[in-house]
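By UniProt numbering, the letter at position 50 of the sequence shown is numbered 50, and the numbering carries on one by one without gaps. This report concerns only the one structure given below.
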Amino acid sequence: VISPVLNAGEYCLRFYYFLYGQDIHKFRVNTRVGDRDTVLDSLEGNQGGSWHTYSKDITMNTKFQIFLEAIIGGTDNGDMAFDDVYIFRGRCIA
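See the structure below:
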């Protein structure tokens with residue numbers, strides 16, 4: 001999942017995620033500027049059988065995109081999901 005191009009500034013990224021099972025590998029939060037990708041966070045492994053909230057302030061000085069990337073393990077023994085992705089201007093409020 002990739003955002004539209006966002007103007008420079010301060011943003012809050014918030015979503016819910018679910019990583020459960022034996023063979024969960026990685027779920028990454030990235031930014032893209034032109035053709036350059038940067039990993040902001042990497043969530044790895046079994047996070048238990050419940051939904052969790054992810055929230056991060058992102059400040060960029062140029063136009064950019066945010067994208068979410070799931071990297072699966074070697075088998076289908078796990079579940080990865082995300083829901084309710086919000087990107088809004090300003091800092092995240094706890």
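Note that beta-carbon positions come from the ideal geometry of N, C-alpha and C, so glycine has one too.
Original post:
Counting pairs of beta carbons, one from the region 73-86 and one from the region 13-29, are three or more of them closer than 8 Å?
Top reply: yes
Subject >> D84 beta carbon less than 7 Å from that of Y16 >> reply: yes
Original post:
From what residue to what residue does the beta strand (DSSP E) around G78 run?
Top reply: 78-89
**OP:** Return the Cβ separation of R89 and D57 in integer angstroms, given the expectation that the two are a contact with Cβ distance under 8 Å.
**Re:** That pair is no contact at about 11 Å.
Original post:
Which first and last residues belong to the beta strand (DSSP E) in which K26 is found?
Top reply: 26-33
Subject >> For G21, three-class secondary structure by DSSP >> reply: strand
**OP:** For V1, count neighbouring Cβ atoms within 10 angstroms of its own Cβ and tell me buried if that reaches 16, exposed if not.
**Re:** exposed
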